[in-house]
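A.B. asks: In this note's numbering, the protein residues as written are 500 to 966. Ideal Cβ placement from N, Cα and C applies to all residues, glycine included.
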């Protein structure tokens with residue numbers, strides 16, 4: 500484990516140092532998701548539709564993960580930036596223990612609610628059965644998933660951007676290897692026997708890889724070469740002041756995530772009107788959006804850590820400059836990526852399916868929405884000052900406005916009133932991007948995040964004096 504002091508040196512280099520490994524690890528993981536969908540697409544369109552439905556519902560429970568995870572970014576990065584190692588150690592232990600409990604609660608709730616929720620959207624028996632086969636094992640392993648996020652987040656907040664990247668790459672490659680072995684009776688291209696578990700095999704490959712990711716990351720973070728050397732008993736020794744701070748910071752952003760995921764479920768309901776082929780196309784486009792958005796996610800995570808450490812170190816001007824740099828990088832990167840994607844959209848969709856209807860729907864949908872991404876990248880880069888300072892209320896307001904006030908009414912207008920084709924559902928993301936951008940810009944100009952940052956910088960300076 501090798502930490503980095505992000506309060507010194509070039510802001511541009513620090514952001515690139517933190518963001519590029521995050522991007523690479525996310526891209527690796529998302530490439531796995533795409534290849535996973537390609538393998539599932541070889542089973543049937545029903546299989547693709549079933550995984551699409553489950554994935555939309557699955558992320559509803561991540562509000563529990565996000566309350567703790569989002570709050571921990573500001574707490575941990577500011578602790579590292581101020582040099583308060585004991586607070587950082589307590590923050591890591593509290594986050595880990597809290598996440599583990601949240602994962603258990605989420606798994607229990609989701610296991611019993613899964614079939615009723617899936618039944619709302621899966622109208623065909625085979626789609627429902629495949630979704631249950633895929634979903635049940637994924638739900639059982641939610642505690643492992645939540646805990647693995649905790650350790651990699653803690654490593655990044657310390658300034659160690661490379662260890663999480665290596666761990667993610669290793670587990671994603673393992674997942675890619677396991678997928679065809681577990682899914683098919685005969686492994687494609689090799690012609691040797693596999694386990695033939697179908698969509699259940701795809702889910703099993705994911706949980707095996709996630710479990711290994713947690714084991715490796717925990718060894719890096721808590722092993723003998725770590726400066727923290729946490730023990731299992733430390734996870735339950737809660738410092739309630741730190742817990743309160745994590746929850747206070749994380750709750751608005753987590754509720755925003757819940758609101759967004761609920762909105763995505765509503766949107767899925769509109770997509771079902773276009774049948775199994777529409778669901779399959781939507782699932783493919785969604786996976787592609789996840790891949791294409793990785794540079795933005797990398798800049799947001801990397802930039803938030805740089806912002807947080809500089810706030811903790813009392814360097815507010817550097818923190819604000821980091822948000823500005825992240826926004827500019829995001830815009831340029833997404834313009835290049837989106838332009839290339841627009842030109843070869845049909846060829847990309849063809850990697851997932853040879854069904855002509857799914858190919859047509861997916862290509863038109865991808866092209867219709869692709870250029871909303873540079874808009875999102877610009878304001879999300881600037882919004883790193885919110886995440887790094889712990890002022891997360893803008894994310895909640897932006898989530899409500901962008902999807903519930905703008906996007907969903909637009910989709911209703913397009914599909915139910917005007918009876919427009921499938922491609923207009925992705926078009927609604929332009930309304931989403933503009934609505935969210937206006938809210939983020941308003942809160943940025945309002946300046947409350949600066950007061951939050953000043954308070955955090957003062958607390959860090961006082962703690963350093965006491966130490």
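1. If you measure between the beta carbons of residue 922 and residue 867, is that distance less than 8 Å?
2. Where are the alpha helix (DSSP H) runs, 4 residues long or more, that stay fully inside the region 758–820, in chain order?
3. Considering Cα atoms alone, identify which of 816, 649 and 906 is closest to residue 953.
4. Using alpha carbons as the reference points, say which of 668, 804 and 791 lies closest to residue 832.
5. For residue 665, tell me which candidate among 649, 820 and 716 has the shortest Cα-Cα distance.
6. Could you tell me which residues DSSP puts in a beta bridge with residue 692?
7. Under 6 Å Cβ to Cβ from residue 518, same chain only, skipping five residues before and after it: list those, please.
8. Return the chain-ordered list of same chain residues with a C-beta closer than 6 Å to the C-beta of residue 764, the five sequence neighbours on each side being excluded.
9. Look at residue 698 and residue 623 and say whether their C-beta atoms are less than 8 Å apart.
10. Which parts of the region 874–908 are runs of the beta strand (DSSP E), unbroken and 3 residues or longer, counting only runs that do not cross its ends?
11. Who are the near neighbours of residue 965 in its chain, counting only those whose CB is closer than 7 Å to its CB and skipping five residues on each side?
12. Identify, in the order they occur along the chain, each residue of the same chain with its Cβ nearer than 8 Å to the Cβ of residue 830, setting aside the five sequence neighbours on each side.
13. Under the three-state reduction of DSSP, which class applies to residue 602: helix, strand or coil?
14. Under the rule that 16 or more other beta-carbon atoms within 10 Å means buried, what is residue 510, buried or exposed?
15. Can you tell me whether residue 839 is buried or exposed, with buried defined as 16 or more other CB within 10 angstroms of its CB?
16. If we count Cβ pairs, one from each stretch, closer than 8 Å, do we get three or more for the region 557–571 versus the region 594–607?
17. Take every Cβ of the region 629–648, pair it with every Cβ of the region 693–708, and state whether three or more of those distances are shorter than 8 Å.
18. Is there contact between the region 602–621 and the region 673–689, where contact requires at least three CB pairs shorter than 8 Å?
19. Short of 6 Å in beta carbon distance, which residues of its chain neighbour residue 934, apart from the five on each side in sequence? Order them along the chain.
20. For residue 590, which of 711, 733 and 927 has the nearest alpha-carbon?
21. Check residue 622 in the structure and name its three-state DSSP category.
22. Identify which residue in 891, 864 and 883 has its Cα closest to the Cα of residue 926.
23. When you compare the CB positions of residue 775 and residue 548, do they come within less than 8 Å of one another, or not?
24. Identify which residue in 588, 514 and 891 has its Cα closest to the Cα of residue 737.
25. Quick one: measure Cβ to Cβ for residue 674 and residue 649, integer angstroms, because I've assumed they're closer than 8 Å.
26. By the three-class DSSP mapping on this structure, what secondary structure does residue 569 have?
27. Can you give the Cα-Cα distance for residue 759 and residue 794, rounded to whole angstroms?
28. Based on Cα-Cα distance, which residue from 668, 930 and 779 lies nearest to residue 712?
29. Please report how far the alpha carbon of residue 871 lies from the alpha carbon of residue 837, in whole angstroms.
30. According to DSSP, is residue 583 helix, strand or coil?
31. Distance check for residue 553 and residue 754, CA to CA, integer angstroms please.
C.D. replies: Quick answer:
1. yes
2. 774–791 and 793–811
3. Out of 816, 649 and 906, 816 has the C-alpha closest to the C-alpha of residue 953.
4. 791
5. 716
6. 685
7. 797, 798 and 801
8. 555
9. no
10. none
11. Residue placement at residue 965 is poorly supported in this model, since its pLDDT is 49, which falls under 50; the coordinates still yield a value, given next. Cβ neighbours of residue 965 beyond the five flanking positions: none.
12. 873, 876, 877 and 880
13. helix
14. buried
15. Burial state of residue 839 is exposed, judged by a 10 Å Cβ sphere holding fewer than 16 other Cβ atoms.
16. The region 557–571 is in contact with the region 594–607.
17. yes
18. no
19. The residues are 900, 901 and 905.
20. 733
21. Three-state result, residue 622: coil.
22. 864
23. yes
24. 588
25. Wrong, their Cβ atoms sit about 20 Å apart, outside the cutoff.
26. helix
27. 21 Å
28. 668
29. Taking the straight line joining both Cα atoms gives about 9 Å.
30. coil
31. 20 Å
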